[in-house]
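Notes follow the structure.
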Amino acid sequence: MAEWKFTAKDFAQIPERFASGHRACAGCGPAIAMRLVLKAARGPVIATNSTGCMEVVSTIYPYTAWRIPWIHTAFENVAANAAGIETALKILKKKGRLKYEHVDVIAFGGDGGTYDIGFQALSGAAERGHDFLYVLYDNEAYMNTGIQRSGGTPLGAWTTTSPAGRVIPGKTERKKPIADIMVAHEIPYVATATISEWRDLVLKARKGMEVEGPAFLHVLAPCPRGWRYDTSKTVEIARLAVETCIFPLWEAENGEYKLSPASKKIALKSELKKPVEEYLKTQGRFRHLFKPENKHIIERIQKEVDRRWQKLLKLCGIA
Amino acid sequence: MAKIAQKVIALSGDEAVAYAVKQCDVDVVAAYPITPQTIIVERFSEYVANGEVDTAFICVESEHSALTCCLTAAATGARAFTATASAGLALMHEVLGVTSGCRAPVVMAIVNRALSAPINIHCDHSDSMAERDMGWIHIYAENSQEAYDSIIQAFRIAEHPDVLLPTLVGLDGFVLSHTLENVNVLPDDAVKGFVGERKFPLVRNHEGKMIPFKLDPENPLTIGPLDLYDYYFEHKRQQEEAMKKAYEVIRQVHEEYAELSGRRYGNGLVEPYRLEDAEIAVVCIGSTAGTVKTVVDELRGKGVKAGLLRIRVFRPLPVQDIIQWLSDKKAVGVMDRACSFGGNGGPLFHEIRHALYDLPNRPPVTNYIYGLGGRDTSPHLIHKVYQDLQRIAETGRVEQLVSFIGLRE
Amino acid sequence: MSPEYKGWKEIPIAGVCWLPSTEYKTGDWRTYKPVWDSEKCIRCMLCHIYCPEGAIKYNPETDAMEFDYDFCKGCGICANECPKEAIEMILEEKE
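Protein chains in written order, with our numbering: chain A, 336 to 654; chain B, 184 to 592; chain C, 118 to 212.
Given below as structure tokens:
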């Protein structure tokens, strides 16, 4: 696969397939992710979303922000949606009833619809090897229903169902390593990305579409409402997640892990790795951790981040 | 008089369904196994593995995904089929509503089986009765022959541009699904000619263009939006309109098929049996109708004016046919193979009573809940029903509105 | 901004959407408005890339960043990310 080369100006000319007029909150990280991923489309494409923020904001009847064919059915089955579309395209082509050489199928799911309720369908679709790209836009909680905790919510975070109370200070469980789980499914391509490293995200989305078989792209997409920060800081916070190694960027082609440039430079020069506090202090959902009685949680978070970082470095062949 | 020559093959109900699907040029079959539907998907996967069909077969990881895959495949332009029963149908309940709301013409065979708990693998109608209100067309077969015929008709009905509603064909678990019957099958090209190719009605998209109703990059459209309280009601009214139109489409498709195959089931909606001059009538769905017909014949032999109204299509409810055949009866007994707990009777009973309610002289209608969880329903039991109906006809008095028959007290 | 309500006979089946989102002007959501300085701007395209609304476009003919105020929600990401501080968020005065 030749790498797609483009200048920022070229990129700016690509038409928006996720158009303006959608009702996402001001400063919405997932909306940026949607726009960028869809700009990476290389030809005819059909998309599908699980129930969630991006589905709701883009299709408040009778308005639609989608300039490509799109379907939404339910919450837990976007991967099955994609499986049905992909299968239909394959068989219609085989029977000579499809006018396209190839149509890319993209499934968009939030963390709720992917880590938790949607996992079964995702795992099944991955096992069956359907040719589609699954994009997880991870805002780390069930945001559309009002900031409830999901399997993707990080350790210590406040959510409405893991509130920072007197007895229990936020979420006590760790974030499920969803991308690693998808690597364990032995699918051809898995990658993590975020909106601040836009070129990395776009290239990975393109790669995910090009790969034959299931591809999984985990995109960290900050949410000003749920993470409690000023709307202008969305991209900045995504960048900090990478710089603190809370959300390292990597890809795994056929199970071979490789660090992406933004994380690779930190691996090679560990002074660049910022302490987790730099990230945590920017968001209101972690504010309670800065009370003296909760400081140990910050330490625990740092330890977890370091542990996963070391594990990742080993997988990437960097001692 | 059959128009076309047919072969006779010994097939169980499940095998007959698989055979029909094979002939209908189905593009996508999604399958998850559940007793007693397993033979449908097993037989079909053999056809696929042997290259006898040009169909993509997806072994999904749950029934919920089975129907989802069929729904989105249909939305993409493919003809899609799946089959399930009992708990599997219950699991995909949510998606039934979505499929109907998205107007995807999926056909699904339901091998009627009891719902849990306790878990039971045998026949009753509780599984599909629980899906009454989901906007699907319900067709119930009395025997494997009818299951075969109904699957073929179902594609035509579901895909009709005036209808565009998903359709289920119910066949009794084990009683029909697993027992061999001589089934007359049409030649392959006759079936293919009958079902034809999918046609796509035009809809207005967000570009203001009238485009074919399917997911196609050349003509993008958005299916499955968020409706607020300003439009949801109108969308539901559209589904109701489709149900209204379905009545006539079902009748016509049945008629056309009857000319082709030589087989008819009443007018396609209901099948009356010795009902014209009957005084007492039983109403039921499914294979038990076969047993009732035997009992009717026995009673007629003794001079009792007994008859049967078999409900073939439950949704849309054929109200006018129910009125036409039952209004002048002296007593009507509705046999329900499902119980609506706390509802003072079973679902079919409720609906038959409702259909007859506005008549100036409506007949007494009583309910006999039977056969739950595969409880055997012998002619002896049905004789008891007719005896009760006779008593009611003679005395004009109903002793017990709702009874459970064949139950050990 | 809501379209005139139509009856069930007039609307497409299956909830197919019949208006593009661009008919719904989200611009009236904002409090702060981005103002672009073409002198400071180096045409890096980051504002276009990072705008959640896709409301900033580059016009190659005029070599200008065009801000579509019909849709800009005033989040301020563009101003925050601009490497040359060529965008300033100004409190919008409304009549």
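Don't be surprised by glycine CBs; every beta carbon is placed ideally from N, CA and C.
If you're wondering where the values come from, they're calculated on a predicted model, not measured in any experiment.
- Contact check between the stretch 549-558 of chain A and the stretch 605-613 of chain A: fewer than three CB pairs, one atom from each, fall below 8 Å, which does not count as touching.
- Sequence-distant Cβ neighbours of Cys253(B) in its own chain, meaning closer than 6 Å and more than five residues away, are Ala213, Ala263, Thr265, Val289.
- DSSP places Ser195(B) in the uninterrupted beta strand (DSSP E) bounded by 190-195.
- Interface criterion met: the Cβ of Val570(A) is under 8 Å from a Cβ in chain C.
- From the beta-carbon of Glu639(A), no residue of chain C is found nearer than 7 Å; the closest lies around 29 Å away.
- Chain C places a beta carbon closer than 8 Å to that of Thr405(B), counting this residue as a contact.
- The secondary-structure analysis by DSSP pairs Leu468(A) across a beta bridge with Ile441(A), Ala550(A).
- Taken through DSSP and simplified to helix, strand or coil, Tyr448(B) comes out as coil.
- For Pro596(A), the closest Cβ of chain C is not nearer than 8 Å.
- Contact note: Gln421(B) reaches chain C through Trp125, Ile130, using a C-beta cutoff of 7 Å and chain order.
- Against chain B, the CB of Ala375(A) has no partner CB under 8 Å away; the residue lies outside that interface.
- At a beta-carbon threshold of 8 Å, the residues of chain C lying near Arg286(B) are Ile130, Ala131, ordered along the chain.
- For a cut-off of 8 Å, the C-beta gap from Tyr524(A) to Lys542(A) is around 6 Å, short enough to register as a contact.
- A straight line joining the alpha-carbon of Gln336(B) with that of Ala514(A) spans about 46 Å.
- Relative to the Cα of Ile320(B), the nearest Cα in the group Gly589(B), Arg434(B), Leu359(B) belongs to Arg434(B).
- For Val392(A), the enclosing alpha helix (DSSP H) starts and ends at 388-393.
- Judged by DSSP secondary structure, Phe497(B) falls within the beta strand (DSSP E) whose first and last residues are 496-498.
- Take the alpha-carbon of Thr255(B) and the one of Pro562(B): they are about 45 Å apart.
- Annotation: Ile293(B) to Leu272(B) spans about 8 Å, alpha carbon to alpha carbon.
- Here the alpha carbon of Lys392(B) sits roughly 13 Å from the alpha carbon of Pro384(B).
- Bridge partners of Ser497(A) according to DSSP: Thr494(A).
- Nearest in C-alpha terms to Tyr167(C), of all of Leu575(A), Asp466(A), Met369(A), is Met369(A).
- Within the stretch 547-595 of chain A, complete alpha helix (DSSP H) segments of at least 4 residues are found at 559-562, 569-578, given in chain order.
- DSSP, reduced to helix, strand and coil, places Leu584(B) outside both helices and strands of the structure shown, so it counts as coil.
- For Ala337(B), no beta strand (DSSP E) encloses it; the enclosing alpha helix (DSSP H) starts and ends at 327-342.
- In this structure, Pro501(B) sits near Tyr430(B), with a CB-CB distance shorter than 8 Å.
- Rounded to the nearest whole angstrom, the CA to CA distance from Asn326(B) to Val358(B) is 9 Å.
- Sequence-distant partners of Thr488(A) (beyond 5 residues in either direction) whose C-beta falls short of 6 Å from its own C-beta, in its chain, are Glu475, Ala476, Thr494, Lys506.
- Annotated three-state conformation of Leu369(B) is coil, per DSSP.
- In the assembly as shown, Ile130(C) is a buried residue. Its beta-carbon has 16 or more other beta-carbons within 10 Å.
- Annotation for Glu205(C): no alpha helix (DSSP H) segment contains it, though the beta strand (DSSP E) segment containing it runs 204-208.
- For the stretch 173-204 of chain C, the beta-carbon criterion of a distance under 8 Å to any beta-carbon of chain A is satisfied by Lys174, Tyr175, Pro177, Asp185, Asp187, Phe188, Lys190, Gly191, Cys192, Gly193, Ile194, Ala196, Asn197, Glu198.
- Interface residue (Cβ-Cβ distance to chain B less than 8 Å): Pro137(C) is classified as such.
- Leu624(A) and Ile632(A) have their alpha carbons spaced roughly 7 Å apart.
- In this structure, the alpha-carbon of Glu235(B) lies about 24 Å from that of Thr362(B).
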